[in-house]
Amino acid sequence: MSSIIQLLPDHVANQIAAGEVVQRPASVVKELLENAVDAKASEIKLIIKDAGKTLIQVVDNGVGMSVTDARLCFERHATSKIRKAEDLFQLHTKGFRGEALASIAAIAHIELKTKQEQDELGTHLIIEGSKFLSQEEAVLPKGTSFSVKNLFFNIPARRNFLKSDTIEFRHIVDEFQRVALAHPQIHFSFYHNGSEVYILPQSNPRQRIVTIFAGKTNEKLVPVQEETDILKIDGFVGKPEFSKKNKGEQFFFVNDRFIKSGYLHHALMNAYEGLLKEGAQPSYFLFLNVPPQSIDINIHPTKTEIKFDDEQALYAILRASVKHSLGQFNVAPVLDFDRDANLDTPYHYKNAEVTYPTIQVDSNFNPFAQEKSASYSDKAKIKKQHHYEKERPMPTWESLYVGLKDDTDSIAESSGMQFESEEITTSLFENQDPEPQGNKTYQIQRKYIVNPIKSGMLIVNQNRAHQRILYEQFLGNMTLQQANSQRLLFPLQLHFPSHELHLIRELQPALTSTGFHFEEDTQDVTISGIPANVTESEVRSLLEELLRDLQDGIPGNSFSQSDTIAKSMARSLAVKNGAYLSEKEQENLINGLFACKEPDVSPFQKPTFITMRVEDLDKKFAL
Ligand code: ADP
Ligand code: MG
5 MSSIIQLLPD HVANQIAAGE VVQRPASVVK ELLENAVDAK ASEIKLIIKD
55 AGKTLIQVVD NGVGMSVTDA RLCFERHATS KIRKAEDLFQ LHTKGFRGEA
105 LASIAAIAHI ELKTKQEQDE LGTHLIIEGS KFLSQEEAVL PKGTSFSVKN
155 LFFNIPARRN FLKSDTIEFR HIVDEFQRVA LAHPQIHFSF YHNGSEVYIL
205 PQSNPRQRIV TIFAGKTNEK LVPVQEETDI LKIDGFVGKP EFSKKNKGEQ
255 FFFVNDRFIK SGYLHHALMN AYEGLLKEGA QPSYFLFLNV PPQSIDINIH
305 PTKTEIKFDD EQALYAILRA SVKHSLGQFN VAPVLDFDRD ANLDTPYHYK
355 NAEVTYPTIQ VDSNFNPFAQ EKSASYSDKA KIKKQHHYEK ERPMPTWESL
405 YVGLKDDTDS IAESSGMQFE SEEITTSLFE NQDPEPQGNK TYQIQRKYIV
455 NPIKSGMLIV NQNRAHQRIL YEQFLGNMTL QQANSQRLLF PLQLHFPSHE
505 LHLIRELQPA LTSTGFHFEE DTQDVTISGI PANVTESEVR SLLEELLRDL
555 QDGIPGNSFS QSDTIAKSMA RSLAVKNGAY LSEKEQENLI NGLFACKEPD
605 VSPFQKPTFI TMRVEDLDKK FAL
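In this note's numbering, the protein residues as written are 5 to 627.
Here it is as structure tokens:
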């Protein structure tokens, strides 16, 4: 039988390898930035177009390459960083596999310009899908510029698999931040579609963090420092009161390389024990230094996971030093056994003026009213002032029994409280009501709206129904470009980190079509008009949630940016389960829902209502 095994041609092997190294534009950004750092650049510029799908360019002022190296660097396993197997255990560079450039060249159009300091002329080289098209001498500054165009041009399946520009951009921002945080001594700049995302001048670690994350970052950082034989820690953790809902600001670097480690994260969370609210995520920027031979970086192709020799010891040291820092900076409750806690004056009394106690007499006091209010007390709740104001308190069932005049109103007024109504029970007395009932609606558990219909009854989920209504409204406004907007008396100034600012600018046309008005401003987002159905206090969280949805991708697979925006805004603004709805509001909700094009599902494809037919009820009673 004839032999059938053949060696794969290089360009095929490279394409296969590319699948591992290059998952998305952000992977190229990572490799190119790391190469520039390894080339000892003091200034690195990242330029991308269309979230890297059209262009990724990295320009550095590092050591550059010779004519031969410029060609050799695209060969597989071509590297200047290791020579023998032992070198793998003494790594001081980011790269070492020598396969990034070979992989990228197999699936994109590349232009390389590079010159070493001592050379007169540099090299200009063009390569497309592993094929060399040209190599010429050129007058160039010292350093290297890599342009990677039309990524995955020869693998359409891969290209189609890429996510929206917003999501791909977010991945690139992540990679950029990781490299920039680990190398504050390097000047970084970053441009997307011609506009500036970050300019990070050379600085120190703390300043670098603050420049990237902007806002109040400086106030919230607590330094962490520790040095032992097996581990040196430097960096910062966030004060617990500044913790966030998401894990956006959590960074571990090991020997200046960003890594992910569930184990170390656990150690850190452990140090915060008792200081965080449920689900809160602290910020941390921790730089760990360990002897290179005590780690193995090689276990993951994209190299964000590493293996430590002595994980348990690292866990203990990390936990203890973070705990110590939190305590030292007075953020953890400190126990001091020598002090009598009874002598401590609560802080806010310390500098307060002494006032004499006074007695206030309520001249309208009525002991009977008092008694009555006590019987309500367990149902009374201080109601948060919100959008859905109660129009008219419903009679309570006690009053119907006792036959007294309902005075919930006066109690509510005098105590500043409002009462939850027992609306369901009023229906028991429906036939005592002289007025015809019509098509009455009831709210159950502040969550479902029940409405008798011809065939039985309709049960609507208030939150999902409202999401559907708002979603169709926003989508309609965006396509017709005729949203109602309310002008703000005082424009609202909101602060966002640079990359989010950049995103908001990109979203401006779409947001304007929902009713937002923006004023041109370089540092902040200034909003002078908001959609008619949004209140001023909702704007910030609305935009924050929107940015998060756009960057993480929204559930339900949105097909366009406007769709994602409409979904996200609908979810943020929809009346929540748990909110009281007046009868009028319940009615509007049901009418609004059935005026929708697709009333039966929420924008996230969940059912908005169910019906129960009389037959179903009959069956239940037949048991
Ligand atoms: P690795 O980084 O693992 O060595 P790469 O494929 O990323 O592999 O790069 C191959 C080689 O090309 C590097 O070892 C380095 O010698 C050279 N090189 C790549 N980028 C640059 C750059 N920006 N400046 C100078 N040399 C570079
Ligand atoms: Mg490399």
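Just so it is clear, CB atoms sit at the ideal spot from N, CA and C, and this is done for glycine as well.
Only a predicted model underlies this, so the values are computations on that prediction, with no experimental measurement involved.
#1: How about F194 and F173: are their beta carbons less than 8 Å apart?
#2: Exposed or buried, which one is R491 when buried takes at least 16 other CB atoms within 10 Å?
#3: To the nearest angstrom, how far is the alpha carbon of P24 from that of K98?
#4: Return the residue from the list Q447, R468 and V326 that minimises the CA-CA distance to M573.
#5: Given Y452, which residues of its chain have a CB within under 8 Å of its CB, disregarding the five upstream and five downstream residues?
#6: Which of the three DSSP states is assigned to K34 in this structure?
#7: Using beta-carbon positions only, say whether D314 and I234 come within less than 8 Å of one another.
#8: Using only CA atoms, which one of L511, T530, Y288 and R544 lies nearest to Q555?
#9: Using C-beta distances below 7 Å, list every residue in its chain close to H175, excluding the 5 sequence neighbours before and after it, in chain order.
#10: Taking the beta carbon of Y267 as the centre, do at least 16 other beta carbons fall within 10 Å, making it buried, or is it exposed?
#11: Kindly indicate which residue of F289, E542 and S586 has the alpha-carbon position closest to the one of G239.
#12: Under 8 Å, with one C-beta from each stretch per pair, do the stretch 116–130 and the stretch 50–69 reach the 3-pair mark?
#13: What first and last residue would you give for the beta strand (DSSP E) that runs through N154?
#14: Starting from K119 and walking both ways along the alpha helix (DSSP H), at which residues does that stretch end?
#15: Go ahead and label I386 buried or exposed: buried means 16 or more other beta carbons lie within 10 angstroms of its beta carbon, across all protein chains shown.
#16: Excluding the 5 residues preceding and the 5 following I86 in the sequence, name in chain order all residues of the same chain whose CB lies nearer than 7 Å to its CB.
#17: Can you give me the start and stop residues for the alpha helix (DSSP H) that K624 sits inside?
#18: Over the uninterrupted alpha helix (DSSP H) stretch that includes Y319, give me the two end residues.
#19: Any idea if I108 is buried or exposed, counting beta-carbon neighbours within 10 angstroms, 16 or more meaning buried?
#20: Which word fits Q61, buried or exposed, when buried means at least 16 other C-beta atoms lie within 10 angstroms of its C-beta?
#21: Just checking E68 against the ligand MG - is the residue's beta carbon closer than 7 Å to any of the ligand's heavy atoms?
#22: Shortest alpha-carbon distance to K119 belongs to which of S489, P188, S134 and A45?
#23: Considering only residues of the same chain and omitting the five flanking positions on each side of Q297, which have a CB-CB separation below 7 Å?
#24: Assuming L597 and I473 are in contact, meaning their beta carbons sit under 8 Å apart, how far apart are those beta carbons, in whole angstroms?
#25: What are the boundary residues of the beta strand (DSSP E) that G628 is part of?
#26: With respect to the alpha helix (DSSP H) encompassing I213, which residues constitute its N-terminal and C-terminal limits?
#27: Whole angstroms are fine: how far does the CA of A275 sit from the CA of V258?
#28: Over the uninterrupted beta strand (DSSP E) stretch that includes I238, give me the two end residues.
Reading from the atomic positions:
#1: no
#2: Around the Cβ of R491, a 10 Å sphere holds fewer than 16 other Cβ atoms; the residue is exposed.
#3: First, the amino acid is wrong: residue 24 is Glu here, not Pro. Approximately 17 Å, taken between the alpha carbons.
#4: R468
#5: Closer than 8 Å at Cβ, skipping near neighbours: I463, V464, N465 and Q466.
#6: helix
#7: Between D314 and I234, the C-beta gap is smaller than 8 Å, which places the two residues in contact.
#8: Closest by alpha carbon: L511.
#9: Once the five neighbours on either side are set aside, the close Cβ partners of H175 are R28 and A30.
#10: exposed
#11: F289
#12: yes
#13: No beta strand (DSSP E) contains N154, which DSSP labels as neither H nor E.
#14: Per DSSP, K119 belongs to no alpha helix (DSSP H); it is in the beta strand (DSSP E), H113 to K119.
#15: At I386 the pLDDT is 34, less than 50, meaning the model places this residue with poor confidence; the figure from the coordinates comes in the next sentence. That one is exposed.
#16: Contacts found: L92 and F100.
#17: Unbroken alpha helix (DSSP H) run through K624: V618 to A626.
#18: E315 to Q332
#19: buried
#20: buried
#21: The sequence as given places Gly at residue 68; Glu does not occur at that position. G68: no, Cβ never under 7 Å from the ligand MG.
#22: The candidate whose alpha carbon is nearest that of K119 is A45.
#23: Counting only residues of its own chain and dropping the five nearest sequence neighbours on each side, Q297 has a CB closer than 7 Å to the CB of F93 and Q94.
#24: 6 Å
#25: This structure leaves residue 628 out entirely; the chain is present only between 5 and 627.
#26: P209 to F217
#27: Going by the C-alpha atoms only, they are around 19 Å apart.
#28: It is Asp, not Ile, that sits at residue 238 in the sequence shown. It spans K236 to G242 - the beta strand (DSSP E) in which D238 sits, taken as one unbroken run.
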